[in-house]
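Visitor: Note that UniProt numbering gives residue 257 to position 257 of the sequence shown, counting from 1, and the numbers run on in steps of one.
First the structure, then my questions, so here it is.
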Amino acid sequence: MMTTTTNTMAMLQNLVFSVPISRMVVRRHSFATVFATASTTVVPSPKPASAKPARTPHIDSQVLLGMSEPELQQLAINLGQEGYRGKQLHHLIYKRKAAKVEDFNNLPQTFRKELVDGGYKVGRSPIYQTVTATDGTIKLLLKLEDNLLIETVGIPVQDDEKGITRLTACVSSQVGCPLRCSFCATGKGGFSRNLQRHEIIEQVLAIEDVFKHRVTNVVFMGMGEPMLNLKSVLDAHRCMNKDIEIGQRMITISTVGVPNTIKKLASHKLQSTLAVSLHAPNQSLREKIVPSAKAYPLEAIMKDCRDYFQETNRRVSFEYALLAGVNDKVEHAVELAELLREWGKTYHVNLIPYNPIEGSEYKRPYKKAVLAFAAALESRKITASVRQTRGLDAGAACGQLRNKFQKSPLLAETDSQESQPDAEAVSC
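Structure (structure tokens):
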């Protein structure tokens, strides 16, 4: 995905940066006064031995990150401690963000030793690289145990007097993406494997560490297609909500569309937003932009989205990347309006002017074309917003989540090309 993997990354729907069509304005307070220029910082980290990663790693039962408070209490009891030690453990992991068992200084030495001897670990990965954009957006590259790199982005909203008023974490769900949407940076880098639940959760904690501020919103719009890793995504969602204490309504799960998965998500009756990467008003055009659309007809997607609203009473966000000369004409807007004519107020359209990537044939539309498309929707009473571009100079904006610091976007510099698995493989 960005749901189109990274391309839906900062498709943060109106919760994050979309502005109403009637007032396409720039943010009231700019981060440019704080960050004069984009900067890059490389943070050295231990380099584990190179190994070919598994495409679908099993859940490591020895990882503490992702465990609930009751689970940690039971673990403490199993290791001969009082149950309340598990509550302390929970606080250390999710509030104090301890990265290693050795950092649990206020726990008895005997308990720490039991954890170490039992092979338990927190499950936090080192930050391999940090890139800060002039608008305050920060992209992090995290180095996983198998030397693969994943990207996560922190997007702040700043007020000159109050400081950061909202901090959104855009998290990845896979290492790379198998769907290869034609305009998406992540898909061009190939696919390695699904992320485990703690590898998703740790992205939120890493953003909080860097910004020294709690994350208020989460969007599953980073590397990968969340619906192809739904179990880990749902486990991470539970932890973010219950343990990190981020409201369900502040979490958005994005998808380009994978058959039967929207129904599965709806069955959990989450109070989170579903964001669907539409990108075209008809099936034939969508298949050209999103190859995986051949397996999931537009008519079926729209039906499943209606059912999602019926099950959750949460409106659906339709993401629409505007590609110059491809899907940005007024006639496309008219067709999109017809597609949504009977939806009432159960949806929102998020228009995203395309951010070009290296090697892509697609171009960013002129502002005049964006305004004309938006006006055509508005005149037909279609609820829509135009997303503001964020983090463009850090390669962190929509469609820009690509590792520019190494030969392969999926592997750390110590790894060889031979260690990269077949990018055609799809692991669910």
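Beta carbons are placed, not taken as given, at the ideal position from N, Cα and C, and that holds for glycine.
Note that the structure is predicted; figures quoted are calculated from it, not measured.
Any idea what DSSP makes of S267, helix, strand or coil?
Guide: If DSSP states are grouped into helix, strand and coil, S267 belongs with the helices.
Visitor: When DSSP labels each residue in this structure, what does I21 get in the three-state scheme?
Guide: Confidence is the limiting factor: at I21 the pLDDT is only 41, short of 50, which leaves the residue's position unreliable, though a coordinate-based value still follows. Helix, per DSSP.
Visitor: Could you check the C-alpha separation between D146 and L195 for me, to the nearest Å?
Guide: Distance between the alpha carbons of D146 and L195 is about 12 Å.
Visitor: Whose C-alpha, out of N260, C170 and Y308, is nearest the C-alpha of E202?
Guide: The shortest Cα separation from E202 among N260, C170 and Y308 belongs to C170.
Visitor: Leaving out the 5 sequence neighbours to the left and right, which residues in its chain are closer than 7 Å to H198 when beta-carbon positions are compared?
Guide: Cβ within range, chain order: V63, L65, G66 and G123.
Visitor: Apart from the five residues on each side of it in sequence, which residues of its chain come closer than 7 Å, Cβ to Cβ, to E361?
Guide: Result list for E361: empty, nothing under 7 Å.
Visitor: Considering only the beta carbon of each residue, do M240 and V219 sit closer than 8 Å?
Guide: Not closer than 8 Å, so no.
Visitor: Whole angstroms are fine: how far does the CA of M227 sit from the CA of M250?
Guide: One C-alpha to the other measures close to 19 Å.
Visitor: Helix or strand or just coil, what does DSSP make of P297?
Guide: The answer is coil: DSSP assigns P297 none of H, G, I, E or B.
Visitor: Quick one: using the 10 Å Cβ neighbour count with 16 as the cut-off for buried, is H348 buried or exposed?
Guide: The residue in question, H348, is buried, as its Cβ has 16 or more Cβ neighbours within 10 Å.
Visitor: What is the rounded straight-line gap between the Cα of R112 and the Cα of G163?
Guide: Roughly 38 Å between the two C-alpha positions.
Visitor: For Q73, does the count of other Cβ atoms within 10 angstroms reach 16, so buried, or fall short, so exposed?
Guide: Buried.
Visitor: In the DSSP assignment, find the unbroken beta strand (DSSP E) run with H90 in it and report its ends.
Guide: Where H90 is concerned, there is no enclosing beta strand (DSSP E), although the alpha helix (DSSP H) it sits in stretches over Y84 to Y94.
Visitor: Flag this pair as touching only if the segment 322–333 and the segment 273–292 have three or more C-beta atom pairs under 8 Å; answer yes or no.
Guide: Result yes; three or more Cβ-Cβ pairs closer than 8 Å.
Visitor: Taking 8 Å as the threshold (C-beta atoms), are Y320 and L274 in contact?
Guide: No, the pair does not count as a contact, with Cβ atoms beyond the cut-off.
Visitor: How many Å lie between Q109 and K100 at the Cα?
Guide: If you take the alpha carbons of Q109 and K100, they lie about 14 Å apart.
Visitor: Are at least three pairs of beta-carbons, each pair with one atom in the segment 82–89 and one in the segment 254–267, less than 8 Å apart?
Guide: Segments in contact, no.
Visitor: Helix, strand or coil for T152? Go by DSSP, reduced to three states.
Guide: Here T152 sits in strand by DSSP.
Visitor: Roughly how many angstroms separate the alpha carbons of S267 and D160, rounded to a whole number?
Guide: Between S267 and D160, the C-alpha separation is close to 42 Å.
Visitor: For H279, which beta-bridge partners are listed by DSSP?
Guide: DSSP lists no partner for H279.
Visitor: Locate the alpha helix (DSSP H) running through Q203, then write down its first and last residues.
Guide: Here the alpha helix (DSSP H) through Q203 covers R197 to F211.
Visitor: If you draw a straight line from the alpha carbon of residue 433 to that of L285, how long is it in whole angstroms?
Guide: The shown model of the chain, from 1 to 428, leaves out residue 433, and the question about it has no answer.
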